[in-house]
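Sequential numbering of the sequence shown, starting at 1, is according to this note's numbering.
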Amino acid sequence: MGKEELLDILNQSISRELAVSIQYMWHHVMAKGIESAEVEDIFREVAIQEMKHAERFAERLDYLGGEPTTKPSPIVTGGSVQKMLQDDMNAEEEAITMYKKAIQICIENNDPVTRLLYEEVLSEEEEHHNIFSTLLGK
């Protein structure tokens with residue numbers, strides 16, 4: 001496994017980050033009505049942060065000699081603001097699980113630089129999850 005496993009998880013991470021940046025930006029655009037005023041800017045800000053995560057993962061993948069993916073993961077859009085928030089919270093839960101796995105892969109492959117990258121992004125994903133869950137009242 002080794003390096004290929006690292007390159008694979010980096011590509012999965014890029015794909016995921018591209019997808020959620022699109023998803024959150026669409027939610028920013030699609031949010032309508034009085035209840036959306038509070039979340040419109042949050043969707044936009046988190047979308048931009050997710051795009052920056054994709055960039056950081058892509059830079060690391062390139063440094064390690066990997067071939068970048070060009071396909072985002074599936075996205076979920078539409079519905080009420082509540083549904084959008086729930087979908088986005090679910091996406092953050094998936095990221096948290098994925099990035100914890102990625103950290104273990106980095107440990108197994110003795111790659112402290114990639115591990116640190118994942119730890120930093122994981123912290124931000126946990127913050128995003130907290131934002132969405134707070135807005136949902138959970």
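Every residue, glycine too, gets a C-beta built ideally from N, C-alpha and C.
Within the segment 55–107, complete beta strand (DSSP E) segments of at least 3 residues are not found at all. Taking C-beta separations shorter than 7 Å and ignoring five residues to either side along the sequence, Lys-138 has no partners in its chain.
Taking a cut-off of 8 Å for Cβ pairs, the segment 46–58 and the segment 101–111 do not touch, as fewer than three such pairs fall below it. When secondary structure is reduced to three states using DSSP, Ala-31 falls in the coil class, being assigned neither helix nor strand.
Residue environment for Thr-114: buried (at least 16 other C-beta atoms within 10 angstroms of its C-beta). Of the candidates Ile-48, Gln-82, His-27, the residue whose Cα lies closest to the Cα of Ser-133 is Gln-82. DSSP, reduced to helix, strand and coil, places Val-39 outside both helices and strands of the structure shown, so it counts as coil.
With respect to Glu-50, Val-76 sits apart: the two C-beta atoms are not nearer than 8 Å. In this chain, the alpha helix (DSSP H) harbouring Asn-130 covers 112–136. In this structure, Tyr-24 lies away from Val-39, with their beta-carbon atoms at least 8 Å apart. A direct Cα-to-Cα measurement between Lys-101 and Ser-13 gives close to 11 Å. In the structure shown, Asn-11 falls within a helical segment according to DSSP collapsed to helix, strand and coil.
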